[in-house]
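See structure below.
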Amino acid sequence: MPRSLFNRQRVYLLLALIVFLASFYMLTYSGRIESEDTLYLFNATGSLVRYGDFLLDLSAGVRPPESFYTVQEYPLQSVNTEPLPIVLAAPLFWLANQLPNVGLVHAVWLFNVLVCAISGGVLFLYALALGYDERTALFGAVIFGLATIVWPYSKSFFREPLALLLILLAGLFAERWRDGRFRSVALLIGLALTLGGALLSKQAGAFMVPSLAIILLPGTHALRRIGRRRLLIGVALLVVLVVAVFVGLSQLDSSLNPINQIQRFMALAFEENSYLLRGLHSQLLSIGGSVWGTSPVLLLAIPGIWLLYRRRQMRYLWASLLLLAIFAVVYTGNRGPDWFGGTSWPPRFLVPVVPYLFLLTLPVIDRIVHQPRLLLVLGFGLLATYSVWVQLSGVSYWWGDFPSMLPSEANGLLEWSDGLNRVEYLRWVIIPQEWASRPLDFAWVRADVPGWAVAFGVLALVSGVGLWWLLRTPPQPSPQAGRESRRVLFAGLLPIVFVAMTWFGLGAIYSDPMYYGGETALHEMMPIINAETGRGDVVLMNMGHERFLLNYGKTDGARIIGLSFQRGERYAPDQPPRAVSGDVDMLLSGRQGPFINSLAE
72 MPRSLFNRQR
82 VYLLLALIVF
92 LASFYMLTYS
102 GRIESEDTLY
112 LFNATGSLVR
122 YGDFLLDLSA
132 GVRPPESFYT
142 VQEYPLQSVN
152 TEPLPIVLAA
162 PLFWLANQLP
172 NVGLVHAVWL
182 FNVLVCAISG
192 GVLFLYALAL
202 GYDERTALFG
212 AVIFGLATIV
222 WPYSKSFFRE
232 PLALLLILLA
242 GLFAERWRDG
252 RFRSVALLIG
262 LALTLGGALL
272 SKQAGAFMVP
282 SLAIILLPGT
292 HALRRIGRRR
302 LLIGVALLVV
312 LVVAVFVGLS
322 QLDSSLNPIN
332 QIQRFMALAF
342 EENSYLLRGL
352 HSQLLSIGGS
362 VWGTSPVLLL
372 AIPGIWLLYR
382 RRQMRYLWAS
392 LLLLAIFAVV
402 YTGNRGPDWF
412 GGTSWPPRFL
422 VPVVPYLFLL
432 TLPVIDRIVH
442 QPRLLLVLGF
452 GLLATYSVWV
462 QLSGVSYWWG
472 DFPSMLPSEA
482 NGLLEWSDGL
492 NRVEYLRWVI
502 IPQEWASRPL
512 DFAWVRADVP
522 GWAVAFGVLA
532 LVSGVGLWWL
542 LRTPPQPSPQ
552 AGRESRRVLF
562 AGLLPIVFVA
572 MTWFGLGAIY
582 SDPMYYGGET
592 ALHEMMPIIN
602 AETGRGDVVL
612 MNMGHERFLL
622 NYGKTDGARI
632 IGLSFQRGER
642 YAPDQPPRAV
652 SGDVDMLLSG
662 RQGPFINSLA
672 E
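For the sequence shown, the working numbering puts the final residue at 672, and the numbers step up evenly by one.
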């Protein structure tokens, strides 16, 4: 077994670090459904908790059924995506469904707050595993959490943050397994579980396998100790694992089948009007949409690579760059016209790669921490400040608002070329100009609960000061009981205080105007629905009630299904309907008639 990463000091630091990052993320928490992708994930989470399936009911008005002839009980589309984010977020949905004054969306949107904060904690452990001391590991984890794209994605319910966490954990388990000369069965199981979890979060988790193989490469001296037989057995096990994963995924439906994805990539990447070069330029080279453009602190990887090269520590150099290349090329080529990722903060599809690129910056951060030079510290300070500025711009508003801030020639496109390549149209140049005139997209701002910001701001400050205190006063071999008890009490209370503040905070923002939380008539509607319906019943609602029901529609009985606006509906009491007819079918839009008939059968 490799030497343990944990001791009392590191456990205290880890807990305080996670609470510190989570408190910062709560300051900018929005609880807004940012895109159709996350709407479908949330809807599927609710369906799993209530009915044990992944059907899209409330969002059926946005994503209507493709066929009415189905063996399912309801003619609804399934979410048709990797299930792990839905399964892991289900406890938050279930808890909100049981508790009064906690919104369903509000609770589920805590998921990536926790995932991103824990990712910072895992990066702290990873730095320790690579031989850096606690000061470097802690400083690096804080920079990773607040100066990279991880912060903006803590506001979302996208799958990328969970994929990031699991891919990072897989690398950590691989590194520890290698350090233990490949003898630990527990670490091997951890590697297999986290890699499998990454695949169940995003199929792109398979892209990690070549980089894992590089991370697992033993050194020359280790090869002699391991022996040829053990090495061959290890390689054989790795090949079996890769083949098993590939075969398993090949049994899935068409959207998740890797063979179909490879065929799609070849068709899109090499067609005449391929988006491949445009997407690669945006994600790797542009100043406004690349992985280093939206996380400028990653530029420290350039001198970091040089330092690693001089030390002949090449594994993570090649593993990280290979991971970046595979993600960029395969995603861009495979997504075609959807290479940007919809309503998102660029580059969405490269988010899981960010921690591995950040590992390349650690040699520079280590030098700043232990061998500070004035110019080096000033340069780092400017770059880190600029990087945090970029992240503040990323959390300020709904990402879909950005096109409205651009000139008319942008045509409302998030992926507008000038917005990615011209300084005057960069997101972090345009967005701050709106701060004085447009309310920030924070839940506590919308709900007018400034106490939220005060509470989590104080908690972030206390946990940050606590990190400094813990570093300054490490435990002694024979610690005084009083000092050690204070450290235990401090580290143990921080998560409890965070949970309690989150619970009270969610209650304070319950009447969120984003979801019509102040509409008394709508709240009075829910007890009536629950009283008049039962398990197996269907309630049809139009899109006008969708937002309210997403956050406040707490029911375990009837299935509420959303419909698009119909031709015979009035958009407002004083407006005439688009169609007036004695024929009911003429009052319905599109395929709603057959859909409703299918539900009635």
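Ideal Cβ placement from N, Cα and C applies to all residues, glycine included. Here the structure is a predicted model, which is why all the values come from computation and not from measurement.
Taking a 10 Å sphere around the C-beta of residue 210, we find 16 or more other C-beta atoms and assign the residue as buried. Between residue 534 and residue 564, the C-beta gap is not smaller than 7 Å, which leaves the two residues out of contact.
Under the three-state reduction of DSSP, residue 613 is assigned to strand. The Cβ atoms of residue 282 and residue 449 lie no closer than 7 Å to each other.
With contacts defined by Cβ atoms closer than 7 Å, residue 215 and residue 191 form a contacting pair.
In the DSSP assignment, residue 502 falls outside any beta strand (DSSP E) and carries neither an H nor an E. DSSP, read as helix, strand or coil, puts residue 126 in strand. By the C-beta density criterion, residue 575 is exposed, having fewer than 16 other C-beta atoms within 10 angstroms. Sorting 436, 444, 525 by C-alpha distance to the C-alpha of residue 372 places 436 at the top. The C-beta distance from residue 531 to residue 94 rounds to 4 Å, short enough to fall under 8 Å.
Sorting 97, 481, 439 by C-alpha distance to the C-alpha of residue 222 places 97 at the top. For residue 242, the enclosing alpha helix (DSSP H) starts and ends at 231-250.
Taking all protein chains shown into account, residue 573 has 16 or more neighbouring C-beta atoms within 10 Å of its C-beta and is therefore buried.
Nearest neighbour of residue 226 by Cα position, chosen from 183, 167, 152, turns out to be 183.
When DSSP states are grouped into helix, strand and coil, residue 304 belongs to the helix group.
Between the C-alpha atoms of residue 645 and residue 634 there is a straight-line separation of about 22 Å. Note that the C-beta distance between residue 114 and residue 129 is below 7 Å. Within the same chain, and ignoring the five residues on either side of residue 118 in sequence, the residues whose Cβ sits closer than 7 Å to its Cβ are 124, 125, 126, 128. By alpha-carbon distance to residue 413, the top candidate from 85, 105, 381 is 105. Sequence-distant partners of residue 196 (beyond 5 residues in either direction) whose C-beta falls short of 6 Å from its own C-beta, in its chain, are 76. Residue 630 carries a strand assignment under DSSP once its states are collapsed to helix, strand and coil. No residue range can be given for residue 220, since it is assigned to no alpha helix (DSSP H) and is classified by DSSP as neither H nor E. If you compare the alpha carbons of 478, 581, 135, 476 with that of residue 622, the shortest gap goes to 581. Between residue 248 and residue 236, the C-beta gap is not smaller than 7 Å, which leaves the two residues out of contact. Nearest in C-alpha terms to residue 185, of all of 518, 86, 351, is 86.
For residue 136, the CB contacts under 7 Å within the same chain, skipping 5 residues up- and downstream, are 146, 147, 148, 666 in chain order.
Rounded to whole angstroms, the separation of the alpha carbons of residue 604 and residue 229 is 33 Å.
Sixteen is the threshold: since fewer than 16 other Cβ atoms of the shown chains lie within 10 Å of the Cβ of residue 643, the residue is exposed.
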